[in-house]
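> Have a look at this one.
2 protein chains.
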Amino acid sequence: MTGVAQAFVPGHITGFFTTHRDADPTKTGSQGGGVCLSDGVTVTVEPAAEPQVLLNDEPLDIGAVTRVLDTLQVNATVRGETPLPLGSGFGVSGAMALGTAFAANAAFDRQLSANELTTIAHGAEVQAGTGLGDVVAQARGGVPIRLEPGGPQHNYLDGIPATARIEYHVLGGLSTDDVLGGDTTDITAAGKQALSQVVKEPTLPSFMQASRSFSRESGLLTDEVQSVISDVAQADGDAAMAMLGETIFALGTGLSDAGYDPRVCEVHHPGAMMTQP
Amino acid sequence: MTGVAQAFVPGHITGFFTTHRDADPTKTGSQGGGVCLSDGVTVTVEPAAEPQVLLNDEPLDIGAVTRVLDTLQVNATVRGETPLPLGSGFGVSGAMALGTAFAANAAFDRQLSANELTTIAHGAEVQAGTGLGDVVAQARGGVPIRLEPGGPQHNYLDGIPATARIEYHVLGGLSTDDVLGGDTTDITAAGKQALSQVVKEPTLPSFMQASRSFSRESGLLTDEVQSVISDVAQADGDAAMAMLGETIFALGTGLSDAGYDPRVCEVHHPGAMMTQP
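This is how it looks when you write it as structure tokens:
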């Protein structure tokens, strides 16, 4: 049977990360920690004569999605619907890649497992240069800790057993490719330190604190983002920078309390899943 | 901070399984396949002078729960609320153990990770003799395939990327301890065959078919359960036996179409998660 199929993939905010390169894209990836969001991407796949990718009804070239379609050897129209901005640290490209893999698998009856589909989407995202760890985090859901890098055959994931309301505020975008394509020595050193702190104390406050330290020590923190984080702290809130974007996320009502008009969502526990079209 | 905390853990129907014993309870477990259900157990933990366990307001001795409280070194009242019957193949004891671990961790600020809490609950369930694979499946959610046995440090999980309405009908209970305490050679042989079929074709119809074969070849199928499965098949439906209980589950409207009055739920994707009390 082939037909229309739909998947939902949560947005994913990375708080801190390391980078690991390998000749094998399924071994390439990152360690780190992040939060999956109930704001995500609903991806619908429908067989078509020519591949086409739309995000919120706009035609868009997303390298990771094209690679997933090629790997599954399907021609399809891929429609993504999301409230999240692209390129601002929400893992939208990863969500599109993973959602395409899940939905195309069902639409074309490819009979692959969840891990196989995650491996395909992770490899596609790595090869497209748009991310290293979002896909495997988005496949897990919740508050994932990536203890070992790579796809499901190679990585090792854990999680912070917690839930929360999450607020976020977007100032602008950062190019993942520019950052990950440069020297990442400082990033990886700061990421390892943050990871070790969160492994010792896997709670949300500890995750936020480790994310703030990471953003400073990695050199990725911008003055504009720092200013918002300080505003939230002055209102007794807990905020950090979303990697990689000029985006601030906060627990509870942190951004609202500081006078911002944030978008509100919550931790999304399921991870990528099939939904009814 | 200590206080009241609450977790939700999905019910889990096992379709087929193998058994693996080891001196280390975290290496003991089972391979197999199952379905997590939106019908589950909401577990509330509150500090108390003396430990007490209640299921749907009835005091109950659940060995796995007591062991979890002991391991976390806490005295608490544990309240479970569920529409699921105990001892009929829904993993209620596993859900109670895992929900207790998650909620007690938060209530007593134990600062353990999701995998650590799953390891504690899995070990407690194994030592209590009430299950081998429910806890790790319930921690994952969705339609878990347990490719390797044991707790999170040792196992390897995959999943069927699908969702469905699930109906179930309970005829009666089976003692997990009696079955698992006896000779499980035939069970493990049948379980390995079913697993290999589902690995080759990780879809829901293939999972149901493998579960039916397993129930026959393991010798666990009863005449009463077989009769209901046949009724569903005659109505063009897809049903199988829930391990270990005299319980039938079906995809979609299988049991309704055959004239039964089943309880209705759906695949639950998140797995164990913290909720607001």
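Residue numbers (our numbering), protein chains in the order written: chain A, 13 to 289; chain B, 13 to 289.
Yeah, the Cβ is synthetic: ideal placement off N, Cα and C, and Gly gets one too.
Since this is a predicted model, take the numbers as computed values, not measurements.
Since T114/A meets chain B, which of its residues come closer than 8 angstroms, beta carbon to beta carbon?
One detail in the question is off: residue 114/A reads as Phe in this sequence, not Thr. Going along chain B in sequence order, the residues near F114/A (Cβ under 8 angstroms) are P173.
> In terms of residues, what are the limits of the beta strand (DSSP E) holding P156/A?
Unbroken beta strand (DSSP E) run through P156/A: 156-160.
> Out of G163/A, L192/A, E278/A, V55/A, which has the shortest C-alpha to C-alpha gap to I132/A?
For the residues G163/A, L192/A, E278/A, V55/A, the minimum Cα distance to I132/A belongs to G163/A.
> Inspect the beta-carbon positions of T30/B and G46/B and report whether they are closer than 8 angstroms.
Cβ atoms of T30/B and G46/B: not closer than 8 angstroms.
> Is the distance from the Cβ of R118/A to the Cβ of T89/A below 8 angstroms?
One point to set straight first is that residue 118/A is Ala, not Arg, in the sequence displayed. No. Outside cutoff.
> For L186/B, return the contacting residues in chain A, with the cut-off set at a CB-CB distance below 8 angstroms.
Correct list: empty, because the minimum Cβ distance to chain A is about 29 angstroms.
> So, using beta-carbon positions, are L169/B and L216/B closer together than 8 angstroms?
It is not a contact, given that the beta carbons lie outside the stated cut-off.
> Exposed or buried, P156/A, counting other C-beta atoms within 10 Å across all chains shown (16 or more means buried)?
By the 10 Å Cβ count, P156/A comes out buried.
> Is it a yes or a no for the segment 55-69 of chain B touching the segment 122-137 of chain B, going by three-plus beta-carbon pairs under 8 angstroms?
Short answer: they don't touch.
> Contact between the segment 200-215 of chain A and the segment 40-58 of chain A: three or more CB pairs below 8 angstroms?
Judged by Cβ distances under 8 angstroms, the segment 200-215 of chain A makes contact with the segment 40-58 of chain A, as three or more pairs qualify.
> Can you give the Cα-Cα distance for G23/B and F120/A, rounded to whole angstroms?
Taking the straight line from one Cα to the other gives about 30 angstroms.
> Check the Cβ of S42/A against every Cβ in chain B and list those closer than 9 angstroms, keeping chain order.
Per Cβ cutoff of 9 angstroms: no residues; S42/A is ~18 angstroms from chain B at best.
> What is the rounded straight-line gap between the Cα of P289/B and the Cα of V55/B?
Computed Cα separation, rounded: 9 angstroms.
> When the Cα of T38/A is compared with those of S105/A, T287/A, P161/A, A151/A, which residue comes out closest?
Ranking the options by Cα distance to T38/A, first place goes to P161/A.
> Provide the residue(s) that pair with R91/B in DSSP beta bridges, ordered along the chain.
Bridge partners of R91/B: T56/B, L66/B.
> When you compare the CB of G154/A with every CB in chain B, is at least one pair closer than 8 angstroms?
Closer than 8 angstroms to some Cβ of chain B, the Cβ of G154/A qualifies, so yes.
> Helix, strand or coil for V80/A? Go by DSSP, reduced to three states.
Looking at V80/A - three-state DSSP - the assignment turns out to be helix.
> Considering only their Cβ atoms, is the gap separating V148/B from G52/B smaller than 8 angstroms?
No, Cβ-Cβ distance for G52/B and V148/B is not below 8 angstroms.
> Among the candidates A113/A, V104/A, N87/A, whose CA atom is the shortest distance from the CA of A174/B?
Ranking A113/A, V104/A, N87/A by Cα distance to A174/B puts A113/A first.
> Take every Cβ of the segment 217-236 of chain B, pair it with every Cβ of the segment 271-279 of chain A, and state whether three or more of those distances are shorter than 8 angstroms.
With the cut-off at 8 angstroms, the segment 217-236 of chain B and the segment 271-279 of chain A do not touch.
> According to a CB-to-CB cut-off of less than 8 angstroms, which residues of the segment 129-163 of chain A neighbour chain B?
Per Cβ criterion, the list reads L129, G153, G154, I157.
> Could you name the residues that DSSP lists as bridge partners for M255/B?
M255/B pairs with T26/B.
> State buried or exposed for S187/B, treating a residue as buried only when at least 16 other CB atoms are found within 10 Å of its CB.
Burial call: exposed.
> Can you tell me whether E137/A is buried or exposed, with buried defined as 16 or more other CB within 10 angstroms of its CB?
So E137/A ends up on the buried side.
> At least one CB of chain B closer than 8 angstroms to the CB of Q205/A: is that the case?
Closer than 8 angstroms: no.
> In the DSSP output, which residue or residues are listed as bridge partners for E237/B?
The residue asked about is misnamed: residue 237/B is Val in this sequence, not Glu. Partner(s): none; V237/B has no beta bridge.
> How would you list, in chain order, the residues of chain D whose beta-carbon sits under 7 angstroms from the beta-carbon of Q123/B?
In summary, chain D is missing from the structure at hand, where the protein chains are A and B.
> If the cut is a Cβ gap below 9 angstroms, which residues of chain A does D170/B touch?
The contacting residues are S125, A126, N127, E128, P164.
> Are the beta-carbon atoms belonging to S105/B and T78/B less than 8 angstroms from one another?
Result no, Cβ atoms of S105/B and T78/B do not sit closer than 8 angstroms.
> In chain A, what lies closer than 7 angstroms to N167/B by C-beta?
Correct list: empty, because the minimum Cβ distance to chain A is about 11 angstroms.
> Give me, in chain order, the residues of the same chain whose beta-carbon lies closer than 8 angstroms to that of L81/A; leave out the 5 immediate sequence neighbours on both sides.
Around L81/A: P63, N87, A88, V90, T112, A116.
> Going by DSSP, name the residue or residues bridged to I260/A.
The partner list for I260/A (beta bridge, DSSP) reads H181/A, M253/A.
> Tell me, please, whether the CB atom of P274/A is closer than 8 angstroms to any CB atom in chain B?
Taking Cβ atoms only, chain B never reaches closer than 8 angstroms to P274/A, which makes this a no.
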